[in-house]
Structures are given as C-alpha cells and as structure tokens.
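Accompanying notes for the structure given below.
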Amino acid sequence: MARYAMVTDLTKCVGCQACTAACNSEWDVPAGHARTRVLSTGAVGVFPNLRSAFYVAQCNHCDDPPCVQPCPSGATFQSADGIVKIDKELCIGCGFCVTACPYDARYLNPATSKVDKCDFCAARLERGLQPACVTTCTAHAKYFGNLEDPSSEVYRLVYARGAQRIESDDVKVGPNVYYLGARGEPDLVAETFPPRQPRMPSAGQWWERAFKPLAFLMVGATFLGQAVAFFTQLRKGEGQFDD
Amino acid sequence: MSSNISRRDWFRATAAAAAAAETARATQTPGQRGGKRALQVATNCEMCFWRCGVLAKVQEGKVTRIEGNPQHPLTQGRLCARGNAGQFTLYDPDRLKRPQMRVGERGEGRFRDVSWEEALDWLAARLQELKQKYGPESVAFFPHGVASTFFATLMKAYGTPNSAEPAFAQCRGPREVGYALTFGRGLGSPEPLDLDNAKVIVLIGSHLGENVFTSQITQFAEGLARGAKLIVVDPRFSTAATKADWWLPIRPGTDIALLLAWMHVLLNENLEDKEYLARYATGLDSLREHVRPFTPEWASKETELPPALIRETARAMGAAKPAVLVHPGRHVTWYGDDTQRARAMAILTALLGAYGQKGGILLPTPFPRGGFRLPPFPVSKRGRADGAGEKYPLASEEQGVTNGLVEATLTGEPYPVKGWIVYGQNVLESIPQRERTLAAIRQLELMVVVDILPVEQTLFADLVLPEATYLERYDAPHIVETAARPFLAVRQPAVAPLYDTRPGWWIARELARRLGLEAWFPWKNPDEHLARILEPSGVRLEEAKARGAVAFEGRPYIDLRKPEDGPLFPTESGRIELFSKTLQELGHDPLPVYRPPAGPPPGWLRLLYGRAPVHSFARTENNALLSGLMEENAAWISAGAARAFGLRDGDRAVIENQDGARSLPVVIRTTPGIRNDCLYMVHGFGQQAPGLSRANGRGASDTGLITRVAVDPLMGGTGMRVNFVRPVPAEGAES
C-alpha cells in the first residue's frame, strides 16, 4: 500500500514559481488561480535582523481531510493511496469543500464551474511520471514519493531529516505535504499561514448551493440516494460544527 | 586523443539517448487532453537568453505543453515559470501577424498590411538607397542573442560595423571587460560558475532567485544544500539575502570600498592563496601596497557596514579558499565605475585562487564546431559610429555600444546614422534615457522592427516584420563553451509559423538575395547549416535534433599538479594581471580606486531595480500565464520612508525622479527589507503599447525614470543606479 507524500525543502526553494507555472500549464488552470501557490512570509523582524520564507502551498492530502465530508455529491473522496481526488463528473461546484479546506488549497474553476485542486498529478503518476511541479523545480526543492516505503527519499526526509507538517494548535488533520528548513522556515510559515478551522456550510447554503442543483441534476434512484446522503450529512454537519 | 574520448563519450551518450527515446515513446500514451498521440520536439527555450533545453509537446498541430528536456547537459530537464509558459507567447492573440508598413506619422501607429514580397522589396530598395546616399555604415543594427546570427551576417555583408546589443552596455559589458583585463578572457554566457561545489558563495547585488536562470538556480540551491556559506551584499533583503549566513545591506555605490577592505583583510592576515598567486599572478606587491590603507574601519564609514562584519566575511572566504565563488554578476551597469568594480571582484577571486578551481570560476572548453567558409566581410574605412574601440577603448566590437549608436544618430558624429534595424531587442525598454532614444528614432530615414509582439517601438517603425516565435522556427544552434561540459543545443520548430509570420533566418536570406549578398548564405536550409557546424564533432544531424543537445567532456579546472598545454591566462603577460598595465597605458586606474558616490539629497530615494522570476526584461509581461502570476510590479520602500512620504502599504503612488519624469501609478509595498534611502521596483512594467492587451499601462517603468546615466569611460556602459526618486501619493499626482 502506498501513502503518497510531498516534501518541499524551503532552504532550497527560491520562490521562482516554476512549480505554479508548470502546474497551471499541465492542468489548464485559469489566470488568477492555482493548484500550487508560492507565498512569501515577507521580511519579518527589525532591519537588518530579518527572516523570510517561501511557502509552496497546495493540497495536503490530509490523513483526515475536512473537505471530504461536506461534499454533497461525493465528488471529493480519498483514494487508498491517500490522494484526495475530485470526480469532476460528480462535482456540482457548490464550493463547500473550498471553504472547508483549512489550507485554502481549493478553488472553483470559473471556466468549468467545478472545484479543482492538486491531486499530486495522479494522471502523470499513472504514466510513471513525477508530479509536474517536482519535475520542473529549478532548485530541486521538491520531493515526491511513498511515505510507507522506507527506501524512498520522502521517507528519509520525513523520518530522518525531520521534515515538518504545517499545523496549528487547533487544526491537526494530518497533512501529507511536509517542509524542510535549516533556518526554521517551516515554523515561520506555520506562524504566518496557520491552517484555519474548516468552515462548514449553513443550512441555507446547503439548500441554495447543494440541494437545488442536485435536485435538478439527479433523477430516479440517484436522486434518492443523494437525498438520503444529504440529510445524513446535514445532521452530522450541524452537530459537529456550529457555523 | 581528446577527440577519441569525445567520440566514445558520444556513443555512450547516444546509447543513452536511444534508451531515452524508447522511454519517451512508451510514455506517449493517451494524455489528459483527448487521447491523441503526442509528438515531442526537442528544442531550446527563448523566453530568456539562458536557453534551457525543452521538449515541446505537440497534439493536433498545437503546442499543448512545454517541459524541460532531461537530456540537455546544462539544464537537465528543469524549467522556470517562463519556460513552462512558452506556448502562451506562441498563442498570444496580440502577436504581430503580417508585415505592416507605416501610413501615419511615426508613433501614431497607423499601418497598412503588406505582403512579404512588397515589404522585402521595399526594404531592400531603401537599404540600397541609404548605402548610396550615406554609405552602408549609416545603417545601425540592434540585435539580441543567437537568434540574430543570420541577421548579423546580413548586416556585416551589407557593410555596416554598427551593431550593438544591450547585453553589453546595459548589462554585462563591464564584467566582461573587467575579467578580461585580469584573466585574459571574459566570462561569457551562461556564466561558468561552479556554484554547486563552492564552500562560500559571495553575491554582490546578484539577486539569484528573483533573477532566475534555471541551471544557475539549481546549482545555487545545491551548493547551499551541501553547506556552502552565503554572503549577500545588497541594499535590499533579496531572496538570496533570506538564505544568507551574512547579509551586508551596503550603502549603494560603495561596493569597491568593501572589496578593497576584503582584499586588505586577506592580505593583512595571510589568507591569500600564496602558491596559486606565485604561480599565476603578477602585480601582487603593488596590490598589497595599494590596499594597505583600506581597513574595515575605513570601509565601514563608506559602506555603513560594521567593521567586524567585513572582517568576519573576509575570513570566511579566506578559510574556504579556493572554493569561493565570487559571483561576477550579470546586469552590472550601475554607477559608471563598473569595469573597475568588476576588476576588484576579479582580483578578489584571484587572491582566493578560485579561477579555474573547484568551487570557483570554470575554465571554458572549446566545442569542436565547423561551418561554411564565407567570403570576407567588407571592412569599413570609417570605423564604428558607437565609439567602441575609440571613445570607449575597451568596448566590445562584437556586441557594441547601444547608447553610442543613439548618440551618433542624434549628433551625426562621427558620421550620419540614418537607418535602424531592430531585431529581437526592445530599444525603448532596454536603453535608458528613452526620450533620447525616441528623439533619435524621429530623426531616422528608416526604422525597421522585426519582432513577435506589438511592443511600443513598433509604433515608430516604417516597416514592421512579424517574426515566428522560437517554437515555430530554426535558429542558429546555441553553442556553449562556458559550461562544465561544452555543448551545442538545437533550435528547431515544434509547429509551423502561425499567421503570416516568418523565421528570422528566412527574412535575412530573402533580404540578402535582394541585396545581392547570397554568397554569405550558402546553405539550402537551416538543417544543412546545422549539419555543417556539427561535422567536426562527429554527431549526426538527426541525432542532434532528436536529443536537442549534444555535449562533450569539458576541462573546467586547472590541474595544479600538471604543466599546462597552453597559456591559461591569455593576457599580455600570460599571467593573472592584478595590476593592469593596459589600464595604466590608457590613463586609467591600474588598480581599483574607490570614489564615493553622490547620495540622494534629503527627501529623495535611490532608484534600484531588478528582476522577477516570472518575467524576462519587458518581453513576457503580455504572456497570459505569466501575467496571471505577476500582472504588475510594486515599489518597495521601508516603512520609515513610507511614513515620511505619507504613504502606507498598499497605497498607490506615482514615482517621480529628479528630472520630473513620472511613472504610472504603482502599488507601494512597505518592508523592513530595504534600506531607508532606496526604492526598488521590478523592471519591465509600465509599458506604453496599446497593442499589448495585458501589459499595456500596467505598473511603473524603471526605464522611464532613468533619465540620467553615468557612462563607464572604459567601455561605454550606462550606469543606471544614479537616479533619485520620490513617491507621490496617486491623488496628488493626478492634479
């Protein structure tokens, strides 16, 4: 079994955005959006004693992904290898997963009206290729592999070199994108860009954005199944999160 | 002997190539774009001049994706944002689509479409006319890079020596001259730097990371990962500075003071590489005497850096020698004393024994190239118009002095310059003092622009010739002798030219035919030209085209244990010239001398400019993908400076310079990461070209604010960091 993971070495990363460009090109991401973003903490401190780090942000393919449960159509799911995927056929573009993601890793593609995000380039993996961002990274700062394979580079970087997860005190959902940094870059990133509490949709939003479109789209048995799912999820959603 | 090794190496490489081709075929399974079989064309990138190896994926006649070519010896499959976005330039709807001839006034932008036949007949007639009226030297050529090889041949055959590209007088010219004076040869491009093996890397104003050349970034990151210590000298907390062990936020313009103090510490504390210097250098005693007074305490007053920091960094270099890479920089036309600063950097490199040593500067290795025997070019009796070799005694006659040609056009001295042919260069953005450039253009009898996009200068052209992009054309091969392994990279089309565009080689040859200069174009097609170049290497054309690049073993290091085969340092003395007799004979400082720069008056900031990793010059701002990553620039100032100007982070302001030149409104970014006396912006924005739907009017142009330059007397370079600016809140600016 595999558990795919990515490690980004922030000591090497120069913030050149080759990863973003490769990803945008590979996946036809419209301008202004990205599946992989490069953010900067900016200079922190008092001149001339400053620190700064880049943050290559993408879907973390969390162990406990908060985006899966709020999806009313079942489009968002986690495959056995840990990759959180979106079945574009099923996605109704309600955007609940977008607000649920603590890392803001998802966006609603205006061209397709479907939600999109990093899937570790699953289609490339099937062809025996590495994710586009890893292949192009000018600084060789990105590593991808199977975290359950002790001979893999990511295994070594996570378990021997101490690559870190970006987590906050209240959000620990088991991200599988890790960060290395010889100068405390991951800590600076976690301070600057802490994952936020997942936001769950209100009942009104459910009605407008999920139920209505689903009602239009679904027929017969499909409709019934989804309606059951909807009510189950609604009950669970309200019980767990007070929005 | 060496060619045997090369041949063997080639066969090994070919076997690997065949295996890789098999893999490539195997991976050409239906992709995500509709299940059509894809074709991959190996070529090299032209989104910047680094020319990384790329594989262009073509599906149904369209380039759908560009990835790095893992077989390229230098870039090894890595590609920056621009390289990844190449097809968005190819399919930019704003492209120049067919030849156009001016019908309105210059600058008005009114043109009529013409056929290539009409355009080239007209141009050939005009060129003949200018030749008869004023002589062939009256036509000046403004090229950029290897893509212009065939055009350069045409211009030389036509009889003009007046060719100048900004790569020299607006960029790396001072460095080439400074290092050539010291080591006997310039550095060239790509820079031969052993960054990945360095133990200490020194960046003086080089903002690697924001300035992205793929393989240089790869090697820089690799060096850091291997534990290299990093010294960054920059008034701004650049990306590189964020990774530095020592950041030296120097007072702008005082670098020579710092360099002299570093030399002082090295020589004073016996940290120089004595064996290396004894064997290879001359002038050490004069240098020792020269730098004696320049203590870190002295330099501290000039640079505003603590003496302890100067001492500590010098000692770090001394301890790591010879594996110290003092990065020579690339765009180094800053203050007009740039050749002397480059000299100081070259001398520092020599003191550390780092030239030709692991972790330092690599020696070039010749690439075995062939070619057609061309008739000799006509030699002009009138000499050059740009001052190269005369007014600017050490300027390159190959690369020329762009600003010298502007000057000659304006003054008619030393003789009239009446026609400009601009090819792949953007003279209004690359040459400072754009009002002078515009005035010169207005005086011309002939202005021709060969370009792919309707950049501002096309508005001033009599004839606009739309070129095919690098993905649609052959160019002369990219031959690199300054890498650890010398190589040749192929430029070949992935798709046929769109619209009514033509490749540069075709335009040049068609013009040559009309001008009776066919003898300089003896090849049937670009393949035949390339095959002839490849001949001595033993590499077959088909193989080179399949792989995209071919490499040979290099000899980048001096073997200190062995006697040399030839002169290592082709200077006059055959040694590294710490003391330069050449400069002494020219009446210039034979050892670098520090002269304090004029600082900004109270209430003004020094204008600094640089690059962003997602854009090249003013060339890529209209690219849909790249514009999406960065659609305009911002002006960085310190929070203190912002307060003084009544500005807050995120405000919009117009930037005004000492001569009243004003930028378009730009976002103010306040940061603790810049000195209080500087304002920084990324170059390439604020373009005034209505035909560029994404780039037009976005952000501020630094070029527009560079109305003053400090000209380097040795080589004509335009020092551009001598302008002072102040941000004016945007409301006030509109009044």
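First to last, the protein sequences are chains A and X. Sequential numbering of the first sequence, starting at 1, is according to the numbering used here. Sequential numbering of the second sequence, starting at 1001, is according to the numbering used here. In this text, a Cβ means the ideal position worked out from N, Cα and C, and glycines have one as well.
| Asked | Found |
| --- | --- |
| Uninterrupted alpha helix (DSSP H) stretches inside the segment 1309 to 1386 of chain X (no shorter than 4 residues) | 1338 to 1351 |
| Enclosing alpha helix (DSSP H) for leucine 1090 of chain X [first to last residue] | 1086 to 1090 |
| Local conformation of methionine 6 of chain A per DSSP, three classes | strand |
| Residues of its chain near alanine 75 of chain A, where Cβ-Cβ distance is below 6 Å and the 5 sequence neighbours each way are ignored | Ile86, Asp87, Leu90, Cys91 |
| Chain-ordered neighbours of cysteine 1080 of chain X on chain A, where CB pairs are closer than 9 Å | Cys16, Gln17, Ala18, Ala21, Thr136, Thr138 |
| Proximity winner among X/Asp1285, X/Met1317, X/Pro1235, relative to leucine 1305 of chain X (alpha-carbon distances) | X/Pro1235 |
| Proximal residues, the segment 1057 to 1079 of chain X versus chain A, C-beta separation under 8 Å | Arg1065, Ile1066, Glu1067, Gly1068, Gly1077, Arg1078, Leu1079 |
| Beta-carbon proximity check, isoleucine 1655 of chain X vs alanine 1700 of chain X, cutoff 7 Å | yes |
| Through-space distance from arginine 1708 of chain X to valine 1722 of chain X, alpha-carbon basis | 7 Å |
| Closest Cα partner of asparagine 1623 of chain X within the set X/Gly1086, X/Val1041, X/Lys1545 | X/Gly1086 |
| Check whether histidine 1615 of chain X and asparagine 1044 of chain X have beta carbons under 7 Å apart | no |
| Glycine 1329 of chain X at chain A interface by Cβ criterion, 7 Å | no |
| Neighbourhood of valine 1593 of chain X by C-beta, 8 Å cutoff - its chain only, sequence neighbours within 5 removed | Ile1256, Gln1340 |
| Beta-carbon contacts of tryptophan 1262 of chain X that lie in its chain and below 8 Å, excluding the five residues immediately before and after | Ile1310, Thr1313, Ala1314, Met1317, Leu1348 |
| Identity of the residues DSSP links to phenylalanine 948 of chain X by a beta bridge | This structure does not reach residue 948 of chain X, given that chain X is present from 1001 up to 1735, and the question cannot be answered. |
| Chain-ordered residues of the segment 1253 to 1269 of chain X with a beta carbon less than 7 Å from chain A | none |
| Glutamate 1067 of chain X versus X/Ala1164, X/Pro1073, X/Gln1076, X/Ala1056, residue with shortest Cα-Cα distance | X/Ala1056 |
| One or two residues paired with glutamate 1067 of chain X in a DSSP bridge | X/Leu1055 |
| Contacts around tryptophan 1247 of chain X, its chain only, beta-carbon distance under 6 Å, and the 5 residues preceding and following it disregarded | Val1232, Ala1241 |
| For isoleucine 1674 of chain X: DSSP bridge partner residues | X/Arg1236 |
| Valine 1725 of chain X burial status per 10 Å Cβ neighbour count (16 or more: buried) | buried |
| Helix, strand or coil at proline 1466 of chain X according to DSSP, with G and I counted as helix | strand |
| Contact check, valine 1103 of chain X vs arginine 1095 of chain X, beta carbons under 7 Å | no |
| For histidine 1264 of chain X, the first and last residue of its enclosing alpha helix (DSSP H) | 1255 to 1268 |
| The segment 1370 to 1380 of chain X in contact with the segment 1396 to 1414 of chain X per 3-pair CB rule at 8 Å | no |
| Within-7 Å CB hit, alanine 1024 of chain X to chain A | In this prediction, alanine 1024 of chain X scores a pLDDT of 39, lower than 50, which makes its location untrustworthy; no coordinate-derived value is stated. |
| Below-7 Å beta-carbon distance, asparagine 146 of chain A vs any chain X residue | no |
| Which residues DSSP lists as bridging valine 56 of chain A, in chain order | A/Val38 |
| DSSP three-state assignment for glutamate 1656 of chain X, whether helix, strand or coil | strand |
| Nearest-angstrom Cα separation, counted from alanine 1038 of chain X out to proline 1030 of chain X | Because the pLDDT of proline 1030 of chain X is 36, which lies under 50, any placement of that residue in the model is unreliable, and the question is left without a value. |
| Beta bridge counterpart(s) of asparagine 1525 of chain X as assigned by DSSP | Answer is none; asparagine 1525 of chain X lacks a bridge partner. |
| 8 Å CB neighbourhood of tryptophan 1298 of chain X in its chain, flanking five on each side removed | Ala1257, Ala1261 |
| Pair within 7 Å by beta-carbon distance, aspartate 1194 of chain X and glycine 1336 of chain X | no |
| Through-space distance from alanine 1519 of chain X to proline 1376 of chain X, alpha-carbon basis | 10 Å |
| Glycine 1188 of chain X beta carbon less than 7 Å from that of proline 1570 of chain X | no |
| Span of the beta strand (DSSP E) around tryptophan 963 of chain X | Summary: the structure shown does not reach residue 963 of chain X, with chain X confined to residues 1001 through 1735, and so no result is reported for it. |
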